[in-house]
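Going by the working numbering, 291 is the number at position 248 of the sequence shown; the sequence numbering is gapless. We put the beta carbon where it would ideally sit given N, CA and C, even for glycine.
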Amino acid sequence: MLLQKMKNLFLLLMVLLCILLGSQVWLKLPEFLNYDLEKDNVANKKEIPETNIWNVVKPLKSIIKYKDNYTVLYTDEYNFWNKTVSILTEGLKSYSEGNISYTDSVVFPTQYLKLDFPTNMPIKIFTKHMGINNESLVDNINNIKNIIIDLDKRNTIYIYNGVDTYKFENDTINTESINTTIENLDFNKHTKYSIDEKIGEDKINIPLPLEEYALNPVFVQSELDVFDTEEINKIAKNYFKNNYEYVRKSVELNGNRVYMYRTEKVLKIQAEGLLDFYNSMIDLEKSQDVYDSLMSALVFIEDFLGFPKDGYLSNIEIIQYEGTYGYRFTFSYKILNRPIMFSKVRENAALEIDVIGDGVVSYKRFIRNIDESQRDEMKDIQVLPAIEVINKNLQNEETSQEELKPLKKEMIKDISNVYLGYFDLSRISKEQVLRVVWVVEIGNRSYIFNAIRGSLIEEW
44 MLLQKMKNLF
54 LLLMVLLCIL
64 LGSQVWLKLP
74 EFLNYDLEKD
84 NVANKKEIPE
94 TNIWNVVKPL
104 KSIIKYKDNY
114 TVLYTDEYNF
124 WNKTVSILTE
134 GLKSYSEGNI
144 SYTDSVVFPT
154 QYLKLDFPTN
164 MPIKIFTKHM
174 GINNESLVDN
184 INNIKNIIID
194 LDKRNTIYIY
204 NGVDTYKFEN
214 DTINTESINT
224 TIENLDFNKH
234 TKYSIDEKIG
244 EDKINIPLPL
254 EEYALNPVFV
264 QSELDVFDTE
274 EINKIAKNYF
284 KNNYEYVRKS
294 VELNGNRVYM
304 YRTEKVLKIQ
314 AEGLLDFYNS
324 MIDLEKSQDV
334 YDSLMSALVF
344 IEDFLGFPKD
354 GYLSNIEIIQ
364 YEGTYGYRFT
374 FSYKILNRPI
384 MFSKVRENAA
394 LEIDVIGDGV
404 VSYKRFIRNI
414 DESQRDEMKD
424 IQVLPAIEVI
434 NKNLQNEETS
444 QEELKPLKKE
454 MIKDISNVYL
464 GYFDLSRISK
474 EQVLRVVWVV
484 EIGNRSYIFN
494 AIRGSLIEEW
């Protein structure tokens, strides 16, 4: 009798075990029966990324005006940013409403180093990482668009938040190291700029770069090869973790590889190398501020192919998912020390990640690296001067309706930035080249011109 009872109990346990395991594929059981296989896929906000945040949140360029010299650097070869972080920390620590002056305009000292971020960076990212707890500072300044180091006064910096300029001046600020570096800098090694250029009687209010040559075209390869099954499966196993055995796998006619778990968690790697994660299995009850969300994003990125070389945070948006607010972080990168411009027609970005609550909902990645096998095919070729490209695209009395000339005479005075970059059509597997372009920024618009022919490619 005892033996029979033990057999029955054993059979009952086996049935329950089968039901439990089967439920992971077919059913969503009540919480008390459902083993939490998804918990490994939620970014833990207590995790600290290995990536140095100041290698992610960093200026796109440094502008130097010193004596009769002017240049713009798109690299940090002189370590200006790391030196500025220390100076900025001391400045922010000293903030109080009574000892800070501000004005509703951009302020430029006679000589300066200006560090430009690609977008308004929430100041909370800086204060929280620096361990500064000052709500008045966060509420009043809110964002950092650029930082200006006064090269005449060794104890003064300015912060521009996109609207107002705040002046920090006190004895805790010491810019001596930056001043010394700039005093010894050989400006002849860097791009020269022309000041006070005119088109007709209209003055261009910014210095124009006088670059004459650039590498073109630049042959590239997507970092992901969809036909490398072993590597793709490795990425999928890392993403789904314990759920991987229950994932449905398929290969579409166009070569895309799709991995799906319960239709709620999807990984797609497209033929041209775009990696796309989607996960609706997150805890919407929790929430994080922009700093903690960025930390979660970086931890996630490190787990999936790592942070891209020469990458940087280029945009932050507040988003909403099923009533819960979060953040979309967009990252870009440089090739050959020039910014990559992605075609807006295909709505692509180098890296885009959505963090809602304490988890990552969406992760898209499309990085391309220089194809070293074709390095010898890439040559420095002459580009049209920036002033000639602007002139060529300026509407005049002789402009016909068939001609595409996007610039108007009254726009000349509003040109705020001109630089050489590389244009990526993106998401076209046969288009494995980047083309050199002149980027002209006017107000909130950007005009992308072919730097060889001068013709308009896109307008944003």
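Pick from the options that is closest to residue i, judged by C-alpha positions
i    : options                   : result
N299 : L318, E288 and E307       : L318
V150 : Y209, L194 and N322       : Y209
Q417 : V181, V476, P102 and E178 : V476
I107 : Q331, L228 and N213       : L228
D423 : N142, V479, Q363 and G174 : V479
D214 : N142, Y203 and M164       : N142
T199 : F262, H233, G205 and Y138 : Y138
M41  : E178, T218 and F169       : Outside the displayed range of the chain (44 to 503) lies residue 41, so it cannot be described from this structure.
N177 : N436, N358 and L135       : L135
L258 : L463, N163 and E120       : L463
M454 : N436, E440, E441 and L447 : N436
D419 : I362, V263 and V290       : V263
V269 : Y334, N297 and Y121       : N297
P428 : V128, Y256 and D182       : Y256
D539 : E360, I359 and I383       : With the chain running from 44 to 503 in the structure shown, residue 539 is simply not present.
N125 : P102, I362, L468 and E140 : P102
E415 : N439, I378, P449 and L450 : I378
S330 : T306, I361 and R305       : I361
V128 : T442, I190, T153 and I184 : I190
K241 : N434, T442, P449 and K308 : N434
Residue i beta carbon near the ligand ZN (any heavy atom closer than 7 Å)
i    : result
L296 : This structure simply doesn't include the ligand ZN, nor any ligand for that matter.
Cβ-Cβ separation, residue j to residue i (assumed contact under 8 Å), whole Å
i    : j    : result
I192 : I221 : 6 Å
L156 : I249 : The pair is not a contact, with the Cβ atoms about 17 Å apart (cut-off 8 Å).
D457 : G486 : 6 Å
N285 : V404 : Going by Cβ atoms, the distance from N285 to V404 rounds to 20 Å, so no, they are not a contact pair.
L251 : I430 : 6 Å
E254 : V432 : E254 to V432, Cβ: 12 Å. No contact.
I507 : I216 : The shown model of the chain, from 44 to 503, leaves out residue 507, and the question about it has no answer.
Y109 : L194 : 6 Å
V505 : M421 : Past the boundaries of the shown model lies residue 505; the chain is included only from 44 to 503, so the question cannot be answered.
F492 : W481 : 5 Å
E140 : N186 : Going by Cβ atoms, the distance from E140 to N186 rounds to 17 Å, so no, they are not a contact pair.
In DSSP terms, what residue i is bridged to
i    : result
W481 : L463 and F492
G369 : I362 and I399
Q264 : N412
I458 : I485
I312 : R300 and L318
L437 : L450
D423 : L258
Y384 : Reading off the sequence shown, one finds Met at residue 384, where the question assumed Tyr. Beta-bridge pairing links M384 to F466.
S405 : Y321 and D397
S293 : V301
K377 : P382
V476 : F262
L499 : F492
Residues near residue i by beta carbon distance below 6 Å, same chain, minus five either side
i    : result
A279 : Y302 and L310
E90  : V342
P351 : Y376 and I410
A340 : F372, I396 and V398
N460 : E484
K235 : L253
S144 : K210
Y113 : Y236 and P250
L394 : F374 and R408
H233 : T114
I495 : none
T146 : T208
E133 : T215 and I216
Neighbourhood of residue i by C-beta, 8 Å cutoff - its chain only, sequence neighbours within 5 removed
i    : result
F347 : I278, N281, Y282, L318, F320, Y406 and R408
E345 : P92, E93 and T94
I130 : I192, I200, I216, N217, T218 and I221
G243 : K452
Same chain, Cβ closer than 7 Å to residue i, five either side skipped, listed in chain order
i    : result
S336 : G369, Y370 and V398
L356 : V99, V100, F372 and F374
I96  : H172
W503 : K387, R488 and S489
K104 : V115, L116, Y117 and D159
L239 : In the sequence on display, residue 239 carries Asp and not Leu. Cβ neighbours of D239 beyond the five flanking positions: K246.
N380 : Y117 and T118
L447 : L499
K188 : F160, N163, Y203, N204 and G205
S148 : T208
Continuous alpha helix (DSSP H) assignments of at least 4 residues falling wholly in the stretch 330-354: 333-346
Which runs of the beta strand (DSSP E) spanning at least 3 residues fall entirely within the stretch 107-139, listed in chain order? 112-116
Every unbroken alpha helix (DSSP H) within the stretch 142-196, with a cutoff of 4 residues, ordered by chain: 166-173 and 178-184
In the stretch 198-286, which residue ranges form an unbroken beta strand (DSSP E) of at least 3 residues, counting only runs that do not cross its ends? When DSSP assignments are scanned along the stretch 198-286, the uninterrupted stretches of beta strand (DSSP E) that are 3 or more residues long and fall wholly within it turn out to be 199-203, 208-212, 256-259 and 261-265.
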